[in-house]
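A.B. asks: Pasting a structure here, questions to come.
Residue numbers (the numbering used here): 1083 to 1591.
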């Protein structure tokens, strides 16, 4: 048995502080692998010869890997040791970033986004496990709170970091090369700091059949959501095959897990009302959240803002982090978590409603109007995690609580892979609808349109050039109206969740 004081005595105070710094930096690199890349994905797929619709595919497959990596990390740390598993996961990140930086083939790029996600998910959990070994159990909440703070900065700081690289003429390849070099440096620093740390291991069986069937299910549905719009959904044999494969593997997974003594994912937890509610509403809310980020950034880029400027409205949400997150942790663990969760969902609903009424065509700036206040409201997301986790474990035995939380993390992370795709599909359909509506209500014979075209001709443009400018304005306006519709849809869903969360049953304490 490793004695905590002995581990602390092996390090001086400076080395111990340095270990915190290095593990936190490695954790942030893994976390920002998704958010910083979000503003660069269109540039990457464009240079690799694919349409912008393929950009979402490269992000969703990453989240599949990250979900599985986070869920497998407890098993890896037990079987191979925490330090060895952490260093191995960093090696995967090093190799993946290097290949992603040099490849010229899109499908090779897409394939290695998966191990990048696996490594990132494993590193996010293993950094916490390693640091916990240097603290007594009573201090473990400090470690989880520290990394919880770092995790919730990803949506605020991640996109601007990617935007800065684009702003300074660095491209997406430079982003992966920088990650490659930083992971290399941190690998050797951690190797030196942790080389004397004992690795306690023991053999633990893994439900490989459950893992395989769930992975097939995840990949199948991710492909359906990511490629469905381009492939014409169920008119495509390709989409139908993967949809059938996903449904079949899901049914087989449920049947297999019900008969397994040590299941990979204990589906019996869904028989608990609280677990079912938390893991229905949690993935829906976080999937919508990631999708709304993508839609908002895309809308601002559509108006001509750079990658950096379009990512800046996400920063104000961090103003809520220093007080709302610890307050949510405190209240959720000591009282009924439903009011906290309901309040956060209501705040997110208000954010989506305010964004849906924002005038994107006001040329003053997107900072001056209500977008700044609405983005502060977006910080309501930081209070969701503690409350949702508390609801999901309510009524479960101590033995099953940690596993239930890991299962919740798996489902929430997977929701990122489908939330963006589904909202993107809604956005495309509403764009087409709004474009038809604008053309019908603002035809070329409309007096205002005739006057607008005449002004363009008076400025020296010929008729074809004037019509082209008018067509571009109609396309831009229809896209923004579709963005408004998409955020209204999210506002309605969050409002529904605000009340539905009260169906959970919490014992009075």
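Beta carbons: idealized from backbone N, C-alpha and C, even for Gly.
Ends of the alpha helix (DSSP H) at residue 1209?
C.D. replies: Here residue 1209 corresponds to residue number 127 of the chain shown, with the count starting at 1. 1188 to 1214 is the extent of the alpha helix (DSSP H) around residue 1209.
A.B. asks: Flag this pair as yes or no: are the beta carbons of residue 1535 and residue 1552 separated by less than 8 Å?
C.D. replies: Looking up residue 1535 in the chain shown gives position 453. Looking up residue 1552 in the chain shown gives position 470. Their beta carbons are under 8 Å apart, which means residue 1535 touches residue 1552 by this criterion.
A.B. asks: Could you check the C-alpha separation between residue 1505 and residue 1273 for me, to the nearest Å?
C.D. replies: Working through the chain shown from its first residue, we reach residue 1505 at position 423. Working through the chain shown from its first residue, we reach residue 1273 at position 191. The alpha-carbon atoms of residue 1505 and residue 1273 are separated by roughly 43 Å.
A.B. asks: Would you check if the distance between the CB atom of residue 1583 and the CB atom of residue 1428 is smaller than 8 Å?
C.D. replies: Taking the first residue of the chain shown as 1, we reach residue 1583 at position 501. Taking the first residue of the chain shown as 1, we reach residue 1428 at position 346. No, they are not a contact pair.
A.B. asks: Three or more beta-carbon pairs under 8 Å between the stretch 1333 to 1347 and the stretch 1282 to 1301, yes or no?
C.D. replies: The stretch 1333 to 1347 is in contact with the stretch 1282 to 1301.
A.B. asks: Just checking, does the stretch 1399 to 1418 make contact with the stretch 1541 to 1548 on the three C-beta pairs under 8 Å criterion?
C.D. replies: Counting Cβ pairs under 8 Å, fewer than three are found: no touch.
A.B. asks: DSSP on residue 1449, reduced to helix/strand/coil?
C.D. replies: Residue 1449 sits at position 367 when you count from the first residue of the chain shown. Note on residue 1449: pLDDT 48, under 50, position unreliable in the model; the coordinate value appears next. Of the three classes helix, strand and coil, the one that applies to residue 1449 here is coil, per DSSP.
A.B. asks: With three or more beta-carbon pairs closer than 8 Å as the criterion, would you say the stretch 1153 to 1168 touches the stretch 1225 to 1232?
C.D. replies: Output reads no: the stretch 1225 to 1232 does not touch the stretch 1153 to 1168.
A.B. asks: Cβ atoms of residue 1168 and residue 1208: under 8 Å apart, would you say?
C.D. replies: Along the chain shown, read from residue 1 onward, the residue named residue 1208 stands at position 126. Along the chain shown, read from residue 1 onward, the residue named residue 1168 stands at position 86. Yes. Within cutoff.
A.B. asks: Less than 8 Å separating the beta-carbons of residue 1138 and residue 1503?
C.D. replies: Numbered from its first residue, the chain shown carries residue 1138 at position 56. Numbered from its first residue, the chain shown carries residue 1503 at position 421. Yes, these two residues count as a Cβ contact at 8 Å.
A.B. asks: Please state whether DSSP places residue 1588 in a helix, a strand or coil.
C.D. replies: Position 506 of the chain shown, counting from 1, holds the residue named residue 1588. In this structure, residue 1588 counts as coil in the three-state DSSP scheme.
A.B. asks: So which of 1464, 1580, 1548 has the shortest CA-CA distance to residue 1407?
C.D. replies: Within the chain shown, numbered from 1, the residue matching residue 1407 stands at position 325. Comparing Cα-Cα distances from residue 1407 to each of 1464, 1580, 1548, the minimum goes to 1464.
A.B. asks: Rounded to whole angstroms, how far is the Cβ of residue 1497 from the Cβ of residue 1395, which I believe are closer than 8 Å?
C.D. replies: Residue numbering aside, residue 1497 sits at position 415 when the chain shown is read from its first letter. Residue numbering aside, residue 1395 sits at position 313 when the chain shown is read from its first letter. Not confirmed; about 23 Å, so no contact.
A.B. asks: Indicate the three-state DSSP secondary structure (helix, strand or coil) for residue 1157 in the structure shown.
C.D. replies: As a working note, residue 1157 is residue 75 in the chain shown. Residue 1157 falls in the helix class under three-state DSSP.
A.B. asks: Jot down the residue ranges of each uninterrupted alpha helix (DSSP H) in the stretch 1463 to 1547, minimum 4 residues, whole runs only, in chain order.
C.D. replies: Segments of the alpha helix (DSSP H) lying fully in the stretch 1463 to 1547: 1466 to 1475, 1480 to 1523, 1529 to 1540.
A.B. asks: Helix, strand or coil, according to DSSP, for residue 1253 in the structure here?
C.D. replies: Translated into the one-based positions of the chain shown, residue 1253 becomes position 171. In the structure shown, residue 1253 sits in coil (DSSP, three-state: anything other than H, G, I, E or B).
A.B. asks: Let me check understanding here. Comparing Cα to Cα, which of 1110, 1467, 1439, 1147 lies closest to residue 1378?
C.D. replies: By one-based count along the chain shown, residue 1378 stands at place 296. Considering only alpha carbons, the answer is 1439.
A.B. asks: For residue 1142, I'd like the list of residues in its chain whose CB is within less than 8 Å of its CB, leaving aside the five on either flank, ordered along the chain.
C.D. replies: In the chain shown, counting from the first residue as 1, residue 1142 sits at position 60. The answer, listed in chain order, is 1304, 1307, 1308, 1498, 1499, 1500, 1502, 1503.
A.B. asks: Give me the residue from 1436, 1315, 1327 with the minimum Cα distance to residue 1507.
C.D. replies: Here residue 1507 is taken as the residue at index 425 of the chain shown, counted from 1. Nearest option by C-alpha distance: 1315.
A.B. asks: Assuming contact is defined by CB atoms lying nearer than 8 Å, are residue 1120 and residue 1376 in contact in what I supplied?
C.D. replies: Residue 1120 sits at position 38 when you count from the first residue of the chain shown. Residue 1376 sits at position 294 when you count from the first residue of the chain shown. Closer than 8 Å, so yes.
A.B. asks: Only counting the same chain, and skipping five residues up and downstream in sequence, which positions put a Cβ closer than 8 Å to that of residue 1244?
C.D. replies: Translated into the one-based positions of the chain shown, residue 1244 becomes position 162. Hits under 8 Å: 1117, 1118, 1119, 1120, 1121, 1122, 1257, 1389, 1393.
A.B. asks: For residue 1341, name the three-state secondary structure that DSSP assigns.
C.D. replies: On the chain shown, residue 1341 is found 259 positions in, with the first residue counted as 1. DSSP places residue 1341 in coil when its eight states are reduced to three.
A.B. asks: What does the alpha-carbon distance come out to for the pair residue 1472 and residue 1184?
C.D. replies: Taking the first residue of the chain shown as 1, we reach residue 1472 at position 390. Taking the first residue of the chain shown as 1, we reach residue 1184 at position 102. C-alpha separation (whole angstroms): 44 Å.
A.B. asks: What is the rounded straight-line gap between the Cα of residue 1276 and the Cα of residue 1107?
C.D. replies: To locate residue 1276, count along the chain shown from 1; it is residue 194. To locate residue 1107, count along the chain shown from 1; it is residue 25. Rounded to the nearest angstrom, the two C-alpha atoms are 16 Å apart.
A.B. asks: Quick one: grab the DSSP three-state call for residue 1163.
C.D. replies: Taking the first residue of the chain shown as 1, we reach residue 1163 at position 81. Correct three-state label for residue 1163: coil.
A.B. asks: Among residues of its own chain, excluding the 5 on either side of residue 1227, which ones have a beta-carbon nearer than 6 Å to its beta-carbon?
C.D. replies: Sequence index remark: in the chain shown, residue 1227 carries index 145 (1-based). So no residue of the chain qualifies.
A.B. asks: What first and last residue would you give for the alpha helix (DSSP H) that runs through residue 1310?
C.D. replies: The residue labelled residue 1310 in the question sits at position 228 within the chain shown. Here residue 1310 belongs to no alpha helix (DSSP H), and DSSP marks it neither H nor E.
A.B. asks: Excluding five sequence neighbours on each side, which residues of the same chain lie with their C-beta closer than 6 Å to the C-beta of residue 1199?
C.D. replies: Counting from 1 along the chain shown, the entry for residue 1199 is found at position 117. Excluding residues within five positions, the ones whose Cβ falls inside 6 Å are 1144, 1147, 1148.
A.B. asks: So residue 1569 and residue 1426 are in contact, right, with Cβ under 8 Å, and what is the actual spacing, rounded?
C.D. replies: On the chain shown, position 487 is the one that residue 1569 refers to. On the chain shown, position 344 is the one that residue 1426 refers to. Their Cβ separation, rounded to whole angstroms, is 17 Å, which puts residue 1569 and residue 1426 out of contact at 8 Å.
A.B. asks: Buried or exposed, going by whether 16 or more other CB atoms sit within 10 Å of the CB of residue 1278?
C.D. replies: Along the chain shown, read from residue 1 onward, the residue named residue 1278 stands at position 196. Residue 1278 is exposed by the Cβ-count criterion.
A.B. asks: Go to residue 1125, then tell me how far its alpha helix (DSSP H) extends in each direction, as first and last residue.
C.D. replies: Position 43 of the chain shown holds residue 1125. Per DSSP, residue 1125 belongs to the alpha helix (DSSP H) from 1123 to 1129.
A.B. asks: Which word fits residue 1420, buried or exposed, when buried means at least 16 other C-beta atoms lie within 10 angstroms of its C-beta?
C.D. replies: As a position in the chain shown, residue 1420 is number 338, starting the count at 1. It counts as buried.
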